[in-house]
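Q: Starting off with a structure, shown below.
Protein chains: 2
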Amino acid sequence: MNPSDASSTSRVHVSLGERSYSIAFSTGELGSKVVETIQSLGPVSHLVIIADQAVEPHVLTIQQSLRKLELRQNTIFVQSGEGSKSVALIADLWNQMLDAKTDRASVVVAVGGGVIGDLAGFAAASYARGLRFLQIPTTLLAMVDSSVGGKTGINLPKAKNMVGAFWQPSAVIIDTDTLDTLADREYRSGLAEIVKYGVILDQQFFQFLEANADAILKRDPICLRHIIVRSCELKAQVVEQDERETTGLRAILNYGHTFAHAIEAATAYGQLLHGEAVAIGMNMAARLAVQLGMFTNEETQRQLKLLQRFQLPTEFSESTPAKLWSLMQHDKKVELGQLHFILPTHIGHVERRSGVTQAQAIEAIHVTER
Amino acid sequence: MNPSDASSTSRVHVSLGERSYSIAFSTGELGSKVVETIQSLGPVSHLVIIADQAVEPHVLTIQQSLRKLELRQNTIFVQSGEGSKSVALIADLWNQMLDAKTDRASVVVAVGGGVIGDLAGFAAASYARGLRFLQIPTTLLAMVDSSVGGKTGINLPKAKNMVGAFWQPSAVIIDTDTLDTLADREYRSGLAEIVKYGVILDQQFFQFLEANADAILKRDPICLRHIIVRSCELKAQVVEQDERETTGLRAILNYGHTFAHAIEAATAYGQLLHGEAVAIGMNMAARLAVQLGMFTNEETQRQLKLLQRFQLPTEFSESTPAKLWSLMQHDKKVELGQLHFILPTHIGHVERRSGVTQAQAIEAIHVTER
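These protein sequences, in sequence, are chains A and D. Numbering-wise, this note's numbering comes out as the position in the first sequence, counting from 1, plus 169. Numbering-wise, this note's numbering comes out as the position in the second sequence, counting from 1, plus 169.
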């Protein structure tokens with residue numbers, strides 16, 4: 170893999186039949202890209218921008234550029250943080266959209282991280298039984314994760330992402346300049362999902378991450394563009410083959426997530442960033458795979474080292490393993506009463522395993538001294 | 170049209186590609202049909218029956234028959250009435266489904282009228298991003314309306330059906346015996362939608378309704394089966410060509426509904442049954458069509474007479490026409506700022522019209538003495 174190839178890629182196509190769309194990559198051209206994209210959508214009556222308050226400067230750029238189109242626009246600011254993915258907040262959004270006279274030819278423009286994308290995406294999916302929406306992710310995590318796949322939703326008090334829809338965006342715009350103001354901790358949280366793509370699908374990409382860890386941490390523009398584009402390509406390959414998570418293939422993207430969701434639930438979605446929980450979850454999943462004789466200790470260490478190099482947490486001891494096990498039973502991947510784990514066989518490949526016992530899971534959760 | 174043909178039809182197929190499904194018709198065989206249908210769905214982990222308290226005897230039949238399958242089952246009873254289609258109630262359903270350990274291989278079984286179907290359908294569409302659901306309509310209105318088309322949803326305080334999803338059932342079972350306990354007023358409300366199919370699509374069917382009005386009011390089994398099957402066939406023809414209401418064709422099913430939704434909103438969805446509001450709306454729409462020179466006075470009278478023969482209301486004077494006009498502007502059929510009306514050109518055919526002025530609409534709303 171030559172990083173300069175991917176860094177010059179300006180578009181990744183996600184092929185989903187009549188629900189296909191493109192991800193456009195740019196650097197410092199957000200305003201013109203947004204105008205171009207909206208113009209490509211056909212008749213539009215009105216725009217509802219749903220945005221994270223924290224990215225207000227980017228929202229101003231978007232609003233100003235869109236004024237050229239002489240369309241009525243409304244902006245609704247939402248706080249980022251998992252707490253916003255609530256029934257109360259989605260109900261508030263629906264009512265605000267109605268007050269803004271949102272109609273079936275309106276387009277929802279989501280500007281922010283994963284929380285905003287999930288929330289605005291579900292608002293778009295459910296308002297008037299479905300509106301078009303344009304996604305503008307402004308965190309590394311959202312760029313490489315929620316920009317591909319159409320998963321939208323909210324949390325219930327006892328379960329994350331339990332309510333929602335598969336709802337594909339009409340287009341996605343990723344402008345790396347929007348990362349300029351992203352805090353380092355948030356940035357590193359995004360790196361956890363990027364490491365995940367290497368472990369589940371692409372050993373070469375994993376090697377690239379190892380070889381360029383310093384440049385990546387320093388946000389080197391060429392490296393940055395490469396890892397985002399490659400992550401989107403990898404995720405698109407999976408989603409194209411299993412859009413609605415029915416064949417089991419798409420489940421591989423949940424590597425580390427069964428543990429991560431339980432950890433997030435145990436901390437009331439507050440303390441850890443999603444990518445941090447995923448980093449911990451990947452480490453636990455690797456340990457579980459070792460226990461089951463699927464994966465080596467050496468590879469577990471190799472994954473651990475890369476996560477640590479990206480300054481990500483890899484252990485969790487603030488809840489009892491038994492509590493986490495119980496929370497996992499609420500995971501929506503539980504199917505026919507069976508909890509499935511995605512576990513690595515080697516770096517670059519994972520498999521789906523059921524029949525994991527409580528004792529085995531608890532052993533993997535326990536902090537191990539090595 | 171020979172009524173005995175349709176009355177012996179046991180199945181109507183709704184062709185929607187990978188979302189195709191069948192409506193099975195039966196008389197007094199609900200229990201065995203439900204078992205047969207669930208068995209045809211592939212692996213099922215668990216059943217969530219969401220049912221109207223008022224049809225408890227039918228629910229008991231279903232529960233008992235399903236016990237043969239040795240599947241875990243939970244039943245959630247909901248009050249019928251538009252008031253149940255609220256954000257609070259859907260949130261309550263989501264949480265109850267989670268507590269019942271509903272997973273992605275669960276099947277939602279909706280037993281009741283339109284309100285239950287809309288609510289349970291949206292719960293199925295949104296829980297875990299989409300579960301299979303089996304619809305068992307137990308009112309005439311739900312049998313001929315919500316059993317075809319996949320519209321699900323809830324109301325916002327200021328707008329009916331504003332939040333929801335297009336979510337096709339996996340199967341529908343219509344057993345006419347479930348109508349035995351249906352109150353006459355509810356039964357007649359269903360007849361309004363049946364008259365609608367005649368006006369918008371099938372002059373012969375309209376003539377059949379005129380010629381057999383007495384038998385229909387007496388719930389003659391052969392007539393009853395015929396009018397339900399024919400209504401489902403007509404609706405399926407439309408939905409198959411425009412599943413998501415994008416080409417404009419499906420909008421013809423909304424004949425009378427722009428007025429009806431405003432009337433229902435003005436009475437806080439409480440006073441009139443949906444079919445009653447539709448009967449009034451059809452009469453107003455016909456008057457509007459006459460004003461616009463599209464439709465004759467004679468045909469308006471013919472429609473009026475049939476509605477009156479079915480003892481349906483045809484006028485509404487409990488709100489000002491200006492108030493109704495204002496409420497119509499919130500209708501989700503408003504597109505690109507334009508309110509569209511579905512208006513008849515003759516009995517058996519309607520067209521979509523925009524550009525109706527406030528004065529014209531108000532004139533059509535006013536009670537006219539003839």
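No residue lacks a Cβ here, since even glycine has one placed at the ideal position from N, Cα and C.
For residue 296 of chain A, would you say it is in contact with chain D, using Cβ-to-Cβ distances shorter than 8 Å as the test?
A: Judged by the 8 Å Cβ criterion, residue 296 of chain A is in contact with chain D.
Q: Taking 8 Å as the threshold (beta carbon to beta carbon), is residue 264 of chain A in contact with chain D?
A: Output row for residue 264 of chain A: interface = yes.
Q: Mind checking residue 469 of chain A: buried by the 16 CB within 10 Å criterion, or exposed?
A: Buried, by the Cβ-count rule.
Q: So within the segment 239-326 of chain A, which uninterrupted beta strand (DSSP E) runs reach at least 3 residues, ignoring any that extend past its ends?
A: Runs of the beta strand (DSSP E) inside the segment 239-326 of chain A: 241-247, 275-281, 301-306 and 320-325.
Q: Determine the direct distance from the alpha carbon of residue 530 of chain A to that of residue 385 of chain A, and round the result to whole angstroms.
A: So the two alpha carbons sit approximately 33 Å from each other.
Q: Taking a cut of 7 Å between CB atoms, which residues from the segment 322-344 of chain D lie near chain A?
A: Answer in chain order: 322, 325, 327, 328, 331, 332, 333, 334 and 335.
Q: Across the segment 308-321 of chain D and the segment 470-482 of chain D, are there enough close Cβ pairs to call them in contact, namely three or more that are closer than 8 Å?
A: No contact exists between the segment 308-321 of chain D and the segment 470-482 of chain D.
Q: Give the range of the alpha helix (DSSP H) segment to which residue 468 of chain A is assigned.
A: Looking at the DSSP string, the run of the alpha helix (DSSP H) that includes residue 468 of chain A is 466-478.
Q: Could you tell me how far apart the beta carbons of residue 451 of chain D and residue 425 of chain D are, in whole angstroms, since I believe they sit closer than 8 Å?
A: 4 Å between Cβ atoms; contact.
Q: Can you give the beta carbon distance from residue 267 of chain D to residue 331 of chain A, rounded, assuming they're within the 8 Å contact cut?
A: So it is a contact: roughly 6 Å between Cβ atoms.
Q: Report the option in A:372, A:241, A:507 and A:310 whose CA atom is closest to the CA atom of residue 269 of chain A.
A: Considering only alpha carbons, the answer is A:241.
Q: Classify residue 487 of chain A as buried or exposed, calling it buried when 16 or more other Cβ atoms lie within 10 Å of its own Cβ.
A: Burial call: exposed.
Q: From residue 355 of chain D to residue 292 of chain A, what distance separates their C-alpha atoms?
A: Those two C-alpha atoms are separated by around 34 Å.
Q: By Cβ distance below 6 Å, which residues in the same chain neighbour residue 262 of chain A in space, the five residues on each side in sequence not counted?
A: Correct list, in chain order: 292.
Q: Between the segment 221-237 of chain A and the segment 190-197 of chain A, are three or more C-beta pairs nearer than 8 Å?
A: Contact fails: fewer than three Cβ-Cβ distances are below 8 Å.
Q: Tell me which same chain residues have a C-beta within less than 7 Å of the C-beta of residue 460 of chain D, skipping the five on either side of it?
A: Cβ within range, chain order: 529, 532 and 533.
Q: In whole angstroms, give me the CA-to-CA distance for residue 294 of chain A and residue 336 of chain D.
A: Spanning the two alpha carbons is a distance of roughly 12 Å.
Q: Could you tell me whether the Cβ atoms of residue 203 of chain A and residue 342 of chain A are closer together than 8 Å?
A: For residue 203 of chain A and residue 342 of chain A, yes; Cβs fall inside 8 Å.
Q: Counting only the same chain and skipping the five closest in sequence on each side, list residues whose C-beta sits under 6 Å from that of residue 366 of chain D.
A: Counting only Cβ-Cβ distances below 6 Å, and skipping sequence neighbours, we find 400 and 403.
Q: From the beta carbon of residue 299 of chain A, is the nearest beta carbon of chain D less than 8 Å away?
A: Closer than 8 Å: yes.
Q: Tell me the DSSP secondary structure of residue 379 of chain D in three-state form.
A: In the structure shown, residue 379 of chain D sits in a helix (DSSP, three-state: H, G or I).
Q: Tell me, please, whether the segment 507-519 of chain A touches the segment 360-375 of chain A by the rule of three or more beta-carbon pairs shorter than 8 Å.
A: The answer is yes - the segment 360-375 of chain A touches the segment 507-519 of chain A, with three or more Cβ pairs under 8 Å.
Q: By the criterion of Cβ-Cβ separation under 7 Å, what are the contact partners of residue 260 of chain A in chain D?
A: Within 7 Å Cβ-Cβ: 256.
Q: Going straight from the alpha carbon of residue 218 of chain D to that of residue 396 of chain D, what length do you get?
A: Going by the C-alpha atoms only, they are around 28 Å apart.
Q: Using beta carbons (cut-off 8 Å, strictly below), is residue 365 of chain D in contact with chain A?
A: By this cut-off, residue 365 of chain D is not an interface position.
Q: When you compare the CB of residue 267 of chain A with every CB in chain D, is at least one pair closer than 8 Å?
A: Answer yes: the Cβ-Cβ gap between residue 267 of chain A and chain D drops below 8 Å somewhere.
Q: Let me check one thing: in DSSP terms, what residues is residue 333 of chain D bridge-paired to?
A: In the DSSP output, where bridge partners are listed per residue, residue 333 of chain D has D:322.
Q: Which of the three DSSP states, helix, strand or coil, is assigned to residue 170 of chain D?
A: Legend: pLDDT at residue 170 of chain D = 44, less than 50; position of this residue unreliable, no value from coordinates given.
Q: Kindly indicate which three-state DSSP category residue 426 of chain D falls into: helix, strand or coil?
A: Looking at residue 426 of chain D - three-state DSSP - the assignment turns out to be helix.
Q: Answer yes or no: do residue 254 of chain D and residue 287 of chain D have a C-beta to C-beta separation smaller than 8 Å?
A: Result yes, Cβ atoms of residue 254 of chain D and residue 287 of chain D sit closer than 8 Å.
Q: Helix, strand or coil: which one does DSSP assign to residue 522 of chain A?
A: Correct three-state label for residue 522 of chain A: strand.
Q: What residues from the segment 375-395 of chain D come within 8 Å of chain A, judged by C-beta to C-beta, listed N to C?
A: Within the segment 375-395 of chain D, no residue qualifies.
Q: What's the call for residue 357 of chain A, buried or exposed, on a 16-neighbour Cβ count within 10 Å?
A: Counting Cβ neighbours within 10 Å, residue 357 of chain A comes out buried, since at least 16 surround it.
Q: Indicate the three-state DSSP secondary structure (helix, strand or coil) for residue 212 of chain A in the structure shown.
A: Of the three classes helix, strand and coil, the one that applies to residue 212 of chain A here is coil, per DSSP.
Q: Rounded to whole angstroms, what's the CA-CA distance from residue 490 of chain A to residue 535 of chain A? Just pull it up for me.
A: One C-alpha to the other measures close to 7 Å.
Q: Do residue 340 of chain A and residue 303 of chain A count as a contact pair if the criterion is CB distance below 8 Å?
A: Against a cut-off of 8 Å, the Cβ pair of residue 340 of chain A and residue 303 of chain A comes out as a contact.
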